[in-house]
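A short write-up of the structure that comes next.
Numbering (the UniProt record's numbering), first residue to last: 1 to 374.
Now the structure itself:
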């Protein structure tokens with residue numbers, strides 16, 4: 001989850017000022033004492049919205065409210081008292097309760113950006129991402145016109161009033177492209193009350209930048225938002241193996257693009273529903289069919305296109321493949337009731353790991369016997 005957020009943030013950060021567009025801005029929110037300020041009634045309301053039964057909510061209520069505190073003054077207790085808000089740090093139920101309550105901010109931001117499309121951060125992808133949130137760490141991607149920022153700040157004030165949360169404006173900041181004029185920067189400061197911080201900045205412990213840096217990422221055809229964004233932005237109408245490298249590609253995608261062929265030969269698909277590419281995904285054995293048959297017919301076909309009544313359609317296979325290859329493929333089993341699964345050949349269990357990759361590519365030296373004796 002953290003890795004996904006960091007990579008998505010980096011991908012969107014790369015769109016600051018791209019194509020001469022200087023309207024994009026990134027807002028980094030700092031929640032002031034996020035746990036201590038949580039409104040209890042707001043929390044109970046969110047639990048009810050998520051469908052938790054009254055009995056369960058009542059149990060949570062007793063756990064939160066039936067707690068007494070004591071303050072020591074000069075080493076002596078000043079008496080016990082109850083709190084009226086907040087979640088206790090160190091309590092094992094506090095993190096999940098906070099996440100449930102904070103989901104209100106996440107879903108409300110999504111609704112706000114749907115209601116006001118003009119707020120949307122400009123990118124070359126059709127996948128619109130309004131914000132990224134990890135616990136109380138929130139980063140918003142939006143336009144930076146005064147009207148847009150006023151709409152957003154009014155929404156955040158309403159969220160503060162109902163949730164008890166407070167945005168620490170002295171620690172919150174915004175990021176814009178360095179080409180943005182001083183007048184525009186002053187307008188953003190006046191609208192938000194945040195201070196300016198140019199790239200690189202830190203998000204979830206990782207730097208966000210607009211330069212050529214090393215990055216490592218595992219990517220496969222899945223429902224992850226990050227993968228959807230990459231496919232939508234760089235692979236429209238094509239497979240990653242055949243996609244060209246656009247001039248506006250981010251540093252992350254450039255590295256993925258350069259190693260795509262090396263990674264492909266180490267991947268193997270076991271067939272399920274057959275939604276993978278017939279020609280470009282490696283499900284036959286050593287490599288993808290496109291390497292054996294350079295001139296493909298029906299290049300966008302999926303594997304399931306060559307099935308009929310839950311078995312291979314041999315006549316279809318013979319139309320696009322040599323006879324011996326069609327016979328070989330017709331013997332490959334598949335289970336249409338399960339999903340297609342990707343396996344990493346270098347792993348005994350089929351799972352990808354960076355440790356295996358590192359051991360594969362790093363150079364090692366023979367350990368001297370003398371060192372072993374020592």
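Where a beta carbon is used, it is the ideal one built from N, C-alpha and C, also for glycine.
Which residues mark the beginning and the end of the alpha helix (DSSP H) in which residue 344 is found? Locating residue 344 in the chain shown gives position 344, where the first residue counts as 1. No alpha helix (DSSP H) holds residue 344; the beta strand (DSSP E) holding it covers 341 to 344.
Out of curiosity, what's the CA-to-CA distance linking residue 25 and residue 340? Locating residue 25 in the chain shown gives position 25, counting from the first residue. Locating residue 340 in the chain shown gives position 340, counting from the first residue. Taking the straight line joining both Cα atoms gives about 39 Å.
Per-residue burial, residue 358 [other beta carbons within 10 Å of its own, 16 or more giving buried]: Numbered from its first residue, the chain shown carries residue 358 at position 358. Classification for residue 358: exposed.
Give the straight-line distance between the Cα atoms of residue 240 and residue 130, rounded to the nearest whole angstrom. By one-based count along the chain shown, residue 240 stands at place 240. By one-based count along the chain shown, residue 130 stands at place 130. Going by the C-alpha atoms only, they are around 26 Å apart.
Given a cut-off of 8 Å, decide if residue 303 and residue 256 are closer than it, judged by their beta-carbon atoms. Position 256 of the chain shown, counting from 1, holds the residue named residue 256. Position 303 of the chain shown, counting from 1, holds the residue named residue 303. No, these two residues do not count as a Cβ contact at 8 Å.
Do residue 141 and residue 112 have their CB atoms nearer than 8 Å? As a position in the chain shown, residue 141 is number 141, starting the count at 1. As a position in the chain shown, residue 112 is number 112, starting the count at 1. For residue 141 and residue 112, no; Cβs fall outside 8 Å.
When the Cα atoms are used, what is the spatial distance from residue 322 to residue 316? Sequence index remark: in the chain shown, residue 322 carries index 322 (1-based). Sequence index remark: in the chain shown, residue 316 carries index 316 (1-based). Distance between the alpha carbons of residue 322 and residue 316 is about 11 Å.
In this structure, does DSSP put residue 288 in helix, strand or coil? Numbered from its first residue, the chain shown carries residue 288 at position 288. Taken through DSSP and simplified to helix, strand or coil, residue 288 comes out as coil.
Determine, using beta carbons only, whether residue 42 and residue 162 come nearer to each other than 8 Å. Numbered from 1 along the chain shown, position 42 holds the residue referred to as residue 42. Numbered from 1 along the chain shown, position 162 holds the residue referred to as residue 162. For residue 42 and residue 162, yes; Cβs fall inside 8 Å.
Relative to the C-alpha of residue 95, which residue among 70, 286, 134, 108 is closest? If you number the chain shown from 1, residue 95 lands on position 95. The shortest CA-to-CA distance from residue 95 to any of 70, 286, 134, 108 is the one to 134.
Is the beta carbon of residue 144 less than 8 Å from the beta carbon of residue 14? As a working mapping, residue 144 is identified with position 144 in the chain shown. As a working mapping, residue 14 is identified with position 14 in the chain shown. Contact: no.
For residue 318 and residue 328, I'd like the C-alpha separation in whole angstroms. Translated into positions along the chain shown, residue 318 becomes position 318. Translated into positions along the chain shown, residue 328 becomes position 328. Taking the straight line from one Cα to the other gives about 11 Å.
Kindly indicate if chain D contains any beta-carbon less than 8 Å away from that of residue 115. Here chain D cannot be found, since the structure has a single protein chain.
Would you call the region 269 to 283 and the region 246 to 260 touching, i.e. three or more CB-CB distances under 8 Å? No: the two stretches stay apart, fewer than three of their Cβ pairs being nearer than 8 Å.
Look up residue 332 in the DSSP assignment and say whether it is helix, strand or coil. For the purposes of this step, residue 332 is taken as the residue at position 332 of the chain shown. Of the three classes helix, strand and coil, the one that applies to residue 332 here is coil, per DSSP.
Could you give the DSSP three-state label for residue 138: helix, strand or coil? The residue you call residue 138 lines up with position 138 of the chain shown. Judged by DSSP in its simplified three-state form, residue 138 adopts strand.
Cα separation between residue 31 and residue 263? In the chain shown, counting from the first residue as 1, residue 31 sits at position 31. In the chain shown, counting from the first residue as 1, residue 263 sits at position 263. Roughly 41 Å separates the two Cα atoms.
Residue 119 - containing beta strand (DSSP E), residue span: Mapped onto the chain shown, residue 119 falls at position 119. Careful: residue 119 lies outside any beta strand (DSSP E) and carries neither H nor E.
Identify every run of the beta strand (DSSP E) within the region 142 to 208, keeping only runs that are complete inside it and at least 3 residues long; order them along the chain. Complete beta strand (DSSP E) runs here, min 3: 173 to 175, 201 to 203, 206 to 208.
Which of helix, strand or coil does DSSP assign to residue 74? Working through the chain shown from its first residue, we reach residue 74 at position 74. Residue state, collapsed to three classes: coil.
Please give the ranges of any alpha helix (DSSP H) in the region 71 to 115, keeping only runs that are unbroken, at least 4 residues long and fully inside the region. Runs of the alpha helix (DSSP H) inside the region 71 to 115: 94 to 115.
Helix, strand or coil for residue 16, going by three-state DSSP, please let me know. Mapped onto the chain shown, residue 16 falls at position 16. Reduced to three states, the DSSP call for residue 16 is coil.
Assumed close pair residue 301, residue 314 - CB separation to whole angstroms, cut-off 8 Å: Position 301 of the chain shown, counted from the start, is the residue given in the question as residue 301. Position 314 of the chain shown, counted from the start, is the residue given in the question as residue 314. The beta-carbon distance between residue 301 and residue 314, rounded to whole angstroms, is 16 Å. This is too long to meet the 8 Å contact definition.
For residue 81 versus residue 69, is the C-beta spacing smaller than 8 Å? By one-based count along the chain shown, residue 81 stands at place 81. By one-based count along the chain shown, residue 69 stands at place 69. The beta carbons of residue 81 and residue 69 sit closer together than 8 Å.
Leaving out five residues on either side along the sequence, give the residues of the same chain with a beta carbon under 8 Å from the beta carbon of residue 168. Taking the first residue of the chain shown as position 1, residue 168 is located at position 168. Around residue 168: 30, 31, 32.
Within 10 angstroms of its Cβ, does residue 164 collect 16 or more other Cβ (buried), or is it exposed? Start at 1 with the first residue of the chain shown, and residue 164 comes out as number 164. Buried is the call here.
Using DSSP bridges, identify the partner residues of residue 69. Here residue 69 refers to the residue found at position 69 when the chain shown is read from its first residue. Secondary-structure assignment with DSSP links residue 69 through a beta bridge to 81.
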